[in-house]
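Undergrad:
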Amino acid sequence: MAVETRGLTKRYPLTWKRKILVALDHLDLQVRSGEVFGLLGPNGSGKSTTLKMLLGLVIPNEGEARIFGQPPDSLEARRHVGFLPENPYFYSFLNGDETLRFYGKLCGVSGAALEKRIEELIDLVGLQNGRERPLRSYSKGMLQRIGLAQALIHNPDLLFLDEPTAGVDPLGSAQIRDLILRLKKMGKTVVFSSHLLEQVQEVADRVAIFSLGKKVLEGSLDSLLTESHETQVRIPGDLDSSRQEEVCRLLGQAGIDPAGIRFSRPRLSLEQLYLRTVQTQPESSARDSRPRL
Amino acid sequence: MIASLYRIIAIGRNTLTEAVRQKVLSVLLVFAVVLVGCSVLVSQIATPGLDAIGLFDAQIKFVKDFGCGAIGLFGFFIAVLSTAQLIPQELHNRTVYTILAKPVRRSEFLLGKFLGVVLLVALCTAIMSAAFGLSLYWQEMRGLAYADAIYGGMAHNFPELVDKVHQYEAEAAVIQAGGGDSAIQMRKIEALNDKYRAQETNWEGAKNLVEDYDHDVRLIQEQIRDPQLIEAILLLFAKLIMTTGIALFISTFATSSIFTIITTFLIYLIGHLENIAREVWLQRGAEISIWQSGLAGLLSLLIPDMNSFTIVDEILAGNHIPWSHTLDLLGYAGVYLIVLLALSIAVFDYREI
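First to last, the protein sequences are chains A and B.
Numbering (this note's numbering) for the first sequence: -3 to 289.
Numbering (this note's numbering) for the second sequence: 8 to 360.
#1: Between the alpha carbons of B:Leu306 and B:Ile106, how many angstroms are there, rounded?
#2: Determine the chain B residues that contact A:Pro84 at a beta-carbon separation under 9 angstroms, and present them in chain order.
#3: Buried or exposed: which applies to B:Leu86, given that a residue is buried once 16 or more other Cβ atoms fall within 10 Å of its Cβ?
#4: Would you mind telling me which residues of chain B sit closer than 8 angstroms to A:Gly107, beta carbon to beta carbon, in chain order?
#5: Taking the alpha helix (DSSP H) that A:Leu131 falls in, what are its first and last residues?
#6: Would you call the CB atoms of B:Ser258 and B:Ile94 closer than 8 angstroms?
#7: State the Cα-Cα distance for the pair B:Glu281 and A:Thr185, rounded to the nearest angstrom.
#8: Over what stretch of residues does the beta strand (DSSP E) that includes A:Leu24 continue unbroken?
#9: Work out the CA separation of B:His222 and B:Ala4 for me, nearest whole Å.
#10: By how many angstroms is the C-alpha of B:Ile78 removed from the C-alpha of B:Leu88?
#11: Take every Cβ of the region 128 to 139 of chain A, pair it with every Cβ of the region 8 to 17 of chain A, and state whether three or more of those distances are shorter than 8 angstroms.
#12: Would you report the Cα separation of B:Thr90 and B:Arg14, rounded to the nearest angstrom?
#13: Are A:Ala61 and A:Ser29 closer than 8 angstroms when you measure CB to CB?
#14: Apart from the five residues just before and just after B:Ile182, which ones in its own chain have a Cβ nearer than 8 angstroms to its Cβ?
#15: Output the distance between the C-alpha atoms of B:Ala154 and B:Val172, rounded to the nearest integer angstrom.
#16: Enumerate, from N- to C-terminal direction, the unbroken beta strand (DSSP E) stretches of 3 or more residues contained entirely within the region 146 to 204 of chain A.
#17: Given a cut-off of 8 angstroms on the beta-carbon distance, is the pair A:Ile149 and A:Cys103 in contact?
#18: If you follow the alpha helix (DSSP H) that B:Ala156 is in, where does it begin and where does it stop?
#19: Please confirm if B:Ala253 has its CB atom under 8 angstroms from at least one CB of chain A.
#20: My output table needs one value for B:Thr262: the three-state DSSP class, helix, strand or coil.
#21: Any beta-carbon of chain B closer than 8 angstroms to the one on A:Val77?
#22: Just verifying my parser: in three-state terms, what is the DSSP assignment at B:Leu32?
#23: What would DSSP say about A:Ser70, mapped onto helix, strand or coil?
#24: When DSSP labels each residue in this structure, what does B:Gly338 get in the three-state scheme?
#25: I need the boundaries of the alpha helix (DSSP H) containing B:Ser300, first residue and last residue.
#26: Using a Cβ-Cβ distance cut-off of 8 angstroms, determine whether B:Ile345 contacts chain A.
#27: If you drop the 5 nearest sequence neighbours on each side, which residues of the same chain put their C-beta closer than 6 angstroms to that of A:Asn91?
#28: Helix, strand or coil: which one does DSSP assign to B:Leu286?
#29: Where does B:Phe165 sit, in a helix, a strand or coil, going by DSSP?
#30: With DSSP as the reference, label A:Arg230 as helix, strand or coil.
#31: Examine the ligand GDP and report whether any of its heavy atoms sits within less than 7 angstroms of the Cβ of B:Pro110.
#32: Excluding the 5 residues flanking B:Asn314 on each side, which residues of the same chain have their C-beta closer than 6 angstroms to its C-beta?
#33: Over what stretch of residues does the alpha helix (DSSP H) that includes A:Tyr8 continue unbroken?
#34: Got a sec? Which residues, its chain only, sit under 6 angstroms from A:Ala290 by beta carbon, not counting five neighbours each side?
#35: Out of A:Ile252, A:Ile16, A:Thr273, which has the shortest C-alpha to C-alpha gap to A:Leu167?
#36: In chain order, what residues of the same chain have a beta carbon less than 7 angstroms from the beta carbon of B:Ile231, not counting five sequence neighbours either side?
Quick look at the structure:
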């Protein structure tokens, strides 16, 4: 099991109001190795608190968590974990390569192995044009991608991504989604939180929905989203009313009540349309002003 | 252990790089260097009319006071300002999460940050000390040029006289080093005197003039090339690092940089005044209540005795301070720093971030 929590609880005392805020209430959660797991819920529902406790950054009041069987605040657990915080800024005075070099050294990677890893990650996240640029000049999407690269620098088995697409434009958001899918293919376990439900639907194997610090629903997307009392059939071409009637008649002969049959044309989502339009354009209009050698 | 050290060094280097690439600190440092470098000019404005060999040491004293004062003051600003924003900035930018999510202990993070500021303060102190050294060298050049001008006016062939007297002294030294019968040595010295009397009519007068000149030059050089200045700079550095330690400790539980800056300044101030307060109380003898003496004891335990470091003023005044005393003070600073770092780690370990 990659992640396991039992009765994980976090309470914050609100001294001035003489109240206690329950940020997370007895969370039981299990994430299997190689799974992409989505944490959903409105702001303040306990998603970020969960991630912080799984990283040992916040100490629980009750319950316990295990990362590959280890306590989250142990160095052994963190050797297997990569983390991308929500809206990260990183060190704006470093460039892309320097950032990855710094985080690599913290993980004990150095020398030729580190340089090779940096090359691989820059390729993976597609940041070739940001290697020598200071991070202060990065766009939001580029920051998220360098954030993903730093999270992966020590080749962890488990990734925690807190709102990885927050504030990123649809194209950047789609690139991050594709990255998560590539990581899944590489056998990584990914636990991420997001508000973009359509994206979660595209990448997650299982999800948990949080509300007011409690997990209110958990399961695989297939089991949660499939409407088992209906069947959808896709037919190529445009069916006019006479042919629709013919189809109804045939289905009626098969014992299906024609009154329950509906005809509609499939629609693209706005995101699909946007991506189809924008992905054909070059990524950046900026040109390198340095003289070519 | 080595892996831990490696991580601390990586965080320290990153902290130093960040500080060096910050424009505010660079401007502050450039300003300090220019100010220290210009202390020679300021000394002339501050001591008008003191442009005579006998009073030249007043200007030298001013340059030393001004230089060390500027190192202490700007060092204090650089140390406190850069330490106060270490942790709040990491929390605000959420970079602390990315570091502590890696296999890095909180103690390593804190020690790395501290190492970065120590390196920064050391770098700034070295640069300001170099500027201080240059200003002293400039002052020495001015002094020597002035001595040449004054004594040159007393004898038209003064440079030749200096060469001649120095040559005479070298030859006399060879005779004395040769050893043997003292009567023979006396005769040789007498012969040497006769040789030079033949070359220079007022040989005794010339010898006295050059000896006075040499004495003045030695006086200037002894004051400027005072090896005790190294002790003074080491003590200033130790005081700055203690201040950094205090600021780091406060920032582990403070919620804003302003709070850290103000509290550090107050502790720094109390650290200077507690000694004086204690002395005043002791002078009052029987009037001291048990509460007052308890409070004085608690203050002296909690707040470092910064006043001990005013020994630097004694060094600048030309008084001899033995190295053992300087080492005692450096040891005191070291022990205090270890306690501060241990407390900082203990507090930061339990801080919710």
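Glycine residues also receive a C-beta, built at the ideal position from the N, C-alpha and C atoms.
TA: Once the coordinates are examined:
#1: 36 angstroms
#2: Asn100, Arg101, Thr102, Tyr104, Thr105
#3: Checking the sequence shown, residue 86 of chain B turns out to be Ala, not Leu. Classification of B:Ala86: buried, given that the 10 Å Cβ count is 16 or more.
#4: The premise fails here: A:Gly107 is roughly 12 angstroms from chain B at the closest Cβ pair, so nothing lies under 8 angstroms.
#5: Unbroken run through A:Leu131: none, as it is neither H nor E.
#6: yes
#7: Using only the alpha carbons, I get a separation of about 59 angstroms.
#8: Before going on, a small fix: residue 24 of chain A reads as Asp here, not Leu. Element bounds for A:Asp24: 15 to 27.
#9: In the structure as shown, chain B begins at 8 and stops at 360. Residue 4 of chain B is therefore absent and cannot be evaluated.
#10: 15 angstroms
#11: no
#12: 19 angstroms
#13: no
#14: Gln192, Lys195, Ile196, Leu199
#15: Distance between the alpha carbons of B:Ala154 and B:Val172 is about 17 angstroms.
#16: 154 to 158, 185 to 189
#17: Remark: C-beta atoms of A:Ile149 and A:Cys103 approach each other more closely than 8 angstroms.
#18: 113 to 159
#19: The question names Ala, yet the displayed sequence has Ile at residue 253 of chain B. No, B:Ile253 lies away from the interface with chain A (no Cβ there is under 8 angstroms from its Cβ).
#20: coil
#21: yes
#22: helix
#23: It is coil, neither helix nor strand.
#24: helix
#25: 297 to 309
#26: no
#27: Sequence-distant Cβ neighbours of A:Asn91 in its own chain, meaning closer than 6 angstroms and more than five residues away, are Glu128, Arg129, Pro130.
#28: The sequence shown places Glu at residue 286 of chain B, not Leu. For B:Glu286, the three-state secondary structure derived from DSSP is helix.
#29: helix
#30: coil
#31: As far as ligands go, the structure on display features none, and thus does not contain the ligand GDP.
#32: His279, Asn282
#33: Where A:Tyr8 is concerned, there is no enclosing alpha helix (DSSP H), although the beta strand (DSSP E) it sits in stretches over -1 to 10.
#34: Only positions -3 to 289 of chain A appear in this structure, which leaves residue 290 of chain A out of reach.
#35: A:Thr273
#36: Ile67, Leu143, Gln146, Glu147
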